[in-house]
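Convert by adding 5 to the 1-based position in the sequence shown; the result is the number in our numbering.
Virtual Cβ for every residue (Gly too), placed ideally from N, Cα, C.
Scroll down for the structure; my scribbles are underneath it.
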Amino acid sequence: MTEMEKMKAGLEYSYADEELKARKTQAILWCEEYNAIDGRDFEAQYAYLKKMLGSVGERVWIAKTFCCDCGKNIHIGNDFTGNFNLTILDIREVYIGNHVMIGPNTLITTVGHPLSPKARRDYMAHAEPIRIGNDVWIGGNVTILPGITIGNNVVIAAGAVVTKDVPDNSLVGGVPAKLIKKLENDVE
Numbered sequence: 006m007t008e009m010e011k012m013k014a015g016l017e018y019s020y021a022d023e024e025l026k027a028r029k030t031q032a033i034l035w036c037e038e039y040n041a042i043d044g045r046d047f048e049a050q051y052a053y054l055k056k057m058l059g060s061v062g063e064r065v066w067i068a069k070t071f072c073c074d075c076g077k078n079i080h081i082g083n084d085f086t087g088n089f090n091l092t093i094l095d096i097r098e099v100y101i102g103n104h105v106m107i108g109p110n111t112l113i114t115t116v117g118h119p120l121s122p123k124a125r126r127d128y129m130a131h132a133e134p135i136r137i138g139n140d141v142w143i144g145g146n147v148t149i150l151p152g153i154t155i156g157n158n159v160v161i162a163a164g165a166v167v168t169k170d171v172p173d174n175s176l177v178g179g180v181p182a183k184l185i186k187k188l189e190n191d192v193e
């Protein structure tokens, strides 16, 4: 198997692989170009997101500075706001539903590294997809780790580190994030 095939199969892979490095280099260039667009030119920003990301719904906006690892693995629904300094390490797929807001300085990462120092010296990694439902508000300075599923009608408090799946209709917060209370869903 190639390193890309291993990564897509959820196996440990080497991120020093030339194909994976080329993909990351392309994403770096896209992010530089996106972040260079005039901040008042929302139409140009939206058009560029449609070019660089896997899929983009209507009324999608991401503030500067936006960083990603691939771009094409990010899939965003309708009515999305990503605030300043959003980083999405989309080695694997990131699916974001409709009516989602993400606060500033948030990290969504599909990639992790082994506990073994030898494996880290050998540039090994593993990656798992992330899924974020509809009507989600992610506060500022949140970290979402690989393989997480966040349900519908969820609020993640500022500064939380999400290490486990979050069920529908929940407010979570803390490090690691824990259930604070259940929420009413008044749009169903």
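Inter-segment contact for the region 123-143 and the region 28-35 is absent: fewer than three beta-carbon pairs are separated by less than 8 Å. In the DSSP secondary-structure assignment, L184 is bridged to V177.
According to DSSP, residue pairing for T114 in a beta bridge involves L94. Counting along the chain, M106 sits inside the beta strand (DSSP E) bounded by residues V105 to I107. In this structure, E17 is the residue among E17, G82 and L94 with its C-alpha nearest to the C-alpha of S121. R126 counts as exposed, since fewer than 16 other beta carbons sit within 10 angstroms of its beta carbon. When the five nearest sequence neighbours on each side are left out, the beta carbons in the same chain lying within less than 7 Å of the beta carbon of G59 are those of K77, N78, I79 and H80, in order along the chain.
Setting aside the 5 residues that flank it on each side, A162 is surrounded in the same chain by G144 and G178, each with a C-beta closer than 6 Å to its C-beta; the list follows chain order. In the assembly as shown, N190 is an exposed residue. Its beta-carbon has fewer than 16 other beta-carbons within 10 Å.
If the five residues before and after K11 are omitted, its C-beta is found closer than 6 Å to the C-beta atoms of Y18, all from its own chain and listed in chain order.
Classified as buried, H131 has 16 or more neighbouring CB atoms from the shown chains inside 10 Å of its CB. A165 counts as buried, since at least 16 other C-beta atoms from the protein chains shown sit within 10 angstroms of its C-beta. Taken in chain order, the complete beta strand (DSSP E) segments of 3 residues or longer contained in the region 30-90 are 65-67, 79-81 and 85-87. Per the coordinates, the alpha-carbon of D84 lies some 44 Å from the alpha-carbon of K123. Each of A14, C72 and T7 was checked against the Cα of L25, and the nearest Cα belongs to T7.
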